[in-house]
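As structure tokens, the structure follows; a few thoughts come after it.
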Amino acid sequence: MLRDITLGQYYPVDSPVHRLDPRTKVILTFLYIIAVFLVGNLWLYLPVAAYLAFATWMARLPAGMMLRSLRPMRVLLVITFVLNLFFFSGAQELVRIGSIVIWREGLLNALIFTFRLIFLVTGSSILTLTTAPVTLTDGLERLASPLRIIRFPAHEMAMMMTIALRFIPTLIEEADKIMKAQTARGADFETGNLMARARAMIPLLVPLFISAFRRAGDLAMAMEARCYRGGEGRTRLHQLKYSRRDALALLSMLALYLMILLPGWLA
Amino acid sequence: MPIVLEQLSHHYRSCPRVSVALEDISLTIHDGELLALIGHTGSGKSTLAQHLNGLLEPTSGRVLVDGEDINQKGARRRALRFRVGLVFQYPEHQLFEETVFKDIAFGPKNMGLTGQQVDQRVREAMARVGLDFEEMKDRSPFELSGGQMRRVALAGVLAMQPRVLVLDEPTAGLDPRARDFLLGDIKRLNQEGTTVVMISHAMDDVARLATRVAVLEKGRLVMQGSTLEVFSQQERLAAMGLDIPDGFKLARRLRQAGLNMADHVHPEEIADALAAAIRGGGGDAA
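Structure, rendered in structure tokens:
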């Protein structure tokens, strides 16, 4: 029952984008987000859309999967559009229904904000779709490691994220097993009001927490037994290396910036 | 209350592959027997066990308890779970209450029994697994030893007084003493009339307790019969990576050494046969 939940959305195919260094992809995503915020004119979304289409094609991702990443956002998208449409006043009247006026500026603004959200979500989902979670934390660790100067625990954060990701499937399996065991004793997780259901979770949550703590203790012991002492002086099995591919990807981002910024400079 | 499996199949639908867990299993569990389910890791034993009380629904085929299809619409599956008790592997991992009493009372309370009946059920269940009621009832289940925790968990299922008890590797991870205790409990329960289905990797335990053995391999039921019939086919079992009980190994070695020795299930029989073989079969042994 619980096993049906899919976690993380990594789409495992081999593509030039999948093979990019995770650091490059994080930087690209960051730059892309800034680019999307720079767009203040509907026409300028054309280069953004083109870039997104290009990246999707390069990453061999099905277009449907990209659109699916918008589904959890649909309510927010509608609210964004409606609020901007009705509560923005301008100079040029477009439609008047009773006392409600829709202004041209309102419509433009609503479109700009809605598209901004759409491009942000679909664009940044490319990062998680093409990067395995562990590779991603690896990249984040390396990117954040200069912050060690100000005592930011980059390695520890990355290790915690990796361990957390590693144990999600294990805990789901465990939860499934405990749920079945309690169901076999007549526990009922599916009916009753909110209070009854919350109470019904106790027989599931208590054993689950106990087992999580036990696993954490075992893991800590096992790591110590293999002489883990934090990130200091630790070498890695998979070295991250920038290649020409990464340079090309960054160049493509530069092209996007030029297309967005040039019209403004020329005008 | 016999349980009949009719051409039962179960496929796990994990995208994108469909993996077959059980394929075309027909098996009858008779009243009062102690059926051991053996097979290699991943052969489908646990999946099969979860079909017996409707925790899993078959992809095709039927499960009949008392002649009633438990997966048809309107079947009262919750009531069924009180009649077919399932004890999972490492059942002590499902303990959750503050006291031993409360934990064992969880099942009976879910049945909707009155406080007095629940109390009675808990006392009986604890007595059955050899836990002293007065001494243990107010202790936290988490401060007990592994063997005691397991017996509390077993009592939690027994307190529902199921007619059929399904045990998934009940002795895994126990020390020899706790194991002997638990096997004794199981044997006594069976003798008092509870039908028992026991999944086990420990062939000596199986030889000690089982009246019948069913062998699963890669989701198929490949052998079933009396304990003696199944374990006598050592070559077939070895091909599946399964062991035989020590008694059978001993008899085999003695036969190889030239002694006239038949297979026996119980240690006493083996001892008798051995004595007879040494006394009477001296000619062969030379």
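In order, the protein sequences belong to chains S and Z. With numbering that gives the first Met the number 0 as the guide, the letters of the first sequence map in order to residues 0 to 266. With numbering that gives the first Met the number 0 as the guide, the letters of the second sequence map in order to residues 0 to 285. From the three backbone atoms N, C-alpha and C, an ideal C-beta is built for every residue, glycine too. Just so you know, these numbers come straight off a predicted model, no measurement behind them.
Check	Outcome
Residue 202 of chain S at chain Z interface by Cβ criterion, 7 Å	yes
N- and C-terminal bounds of the alpha helix (DSSP H) containing residue 55 of chain S	44 to 57
CA nearest to the CA of residue 49 of chain S, picked from S:263, S:259 and S:264	S:259
Through-space distance from residue 8 of chain Z to residue 137 of chain Z, alpha-carbon basis	44 Å
With 16 other Cβ atoms within 10 Å as the buried cut-off, status of residue 3 of chain S	Caution is warranted here: a pLDDT of 39 is assigned to residue 3 of chain S, below 50, making its placement in the model unreliable, and no coordinate value can be reported.
7 Å Cβ shell around residue 154 of chain S - same chain, five flanking residues per side excluded	140, 229 and 230
Pairwise C-alpha distance: residue 6 of chain Z and residue 62 of chain Z	9 Å
Residue 74 of chain Z beta carbon near the ligand HEM (any heavy atom closer than 6 Å)	Although the ligand HEM was asked about, the structure shown includes no ligands whatsoever.
Paired residues, beta bridge with residue 223 of chain Z - DSSP	Z:213
C-alpha gap between residue 236 of chain S and residue 180 of chain S, whole angstroms	40 Å
For residue 149 of chain Z and residue 107 of chain Z, believed in contact at Cβ under 8 Å, the rounded distance	That pair is no contact at about 19 Å.
Neighbour flag for residue 185 of chain S against chain Z, beta carbons, 7 Å	yes
Nearest-angstrom beta carbon gap, residue 9 of chain S and residue 64 of chain S [assumed within contact, 8 Å]	Their Cβ separation, rounded to whole angstroms, is 11 Å, which puts residue 64 of chain S and residue 9 of chain S out of contact at 8 Å.
Start-to-end residues for the beta strand (DSSP E) that takes in residue 35 of chain Z	33 to 38
Residues, ordered as in the chain, of the segment 153 to 171 of chain S that lie near chain Z by beta-carbon distance below 7 Å	none
Other residues of its chain near residue 262 of chain S: CB distance less than 6 Å, five sequence neighbours each side excluded	none
Bounding residues of the alpha helix (DSSP H) (the contiguous stretch that carries residue 70 of chain S)	No alpha helix (DSSP H) holds residue 70 of chain S; DSSP gives it neither H nor E.
Chain S contacts from the segment 105 to 137 of chain Z (Cβ-Cβ distance under 7 Å)	105, 106, 109 and 110
Rounded Cβ spacing between residue 41 of chain Z and residue 159 of chain Z (contact assumed at less than 8 Å)	Actually they are not in contact, since the Cβ atoms of residue 41 of chain Z and residue 159 of chain Z sit about 30 Å apart, beyond 8 Å.
Burial state of residue 167 of chain Z (16 or more Cβ within 10 Å)	buried
Burial state of residue 255 of chain S (16 or more Cβ within 10 Å)	buried
Within-7 Å CB hit, residue 131 of chain S to chain Z	no
Per-residue contacts from residue 156 of chain Z into chain S (C-beta, under 7 Å)	184
Local conformation of residue 98 of chain Z per DSSP, three classes	coil
Reduced DSSP secondary structure (H/G/I, E/B, other) of residue 184 of chain Z	helix
Beta carbon proximity, residue 210 of chain S to chain Z, threshold 7 Å	yes
Any C-beta of chain S under 7 Å from that of residue 80 of chain Z	yes
Minimum Cβ-Cβ distance from residue 252 of chain S to chain Z less than 7 Å	no
Short CB-CB distance (under 7 Å) between residue 54 of chain S and chain Z	no
Nearest candidate by alpha-carbon position, reference residue 34 of chain Z, set Z:221, Z:53, Z:163 and Z:179	Z:163
Amino acids of chain S, ordered along the chain, whose beta-carbon sits closer than 9 Å to that of residue 51 of chain Z	By Cβ distance, chain S contributes nothing, its closest Cβ being about 10 Å from residue 51 of chain Z, past 9 Å.
Below-7 Å beta-carbon distance, residue 92 of chain Z vs any chain S residue	yes
Exposure label - residue 227 of chain S; buried when at least 16 CB within 10 Å	exposed
Neighbour flag for residue 95 of chain Z against chain S, beta carbons, 7 Å	yes
Members of the segment 21 to 39 of chain S that neighbour chain Z once the beta carbon cut-off is set at 9 Å	none
Terminal residues of the beta strand (DSSP E) in which residue 58 of chain Z lies	Unbroken run through residue 58 of chain Z: none, as it is neither H nor E.
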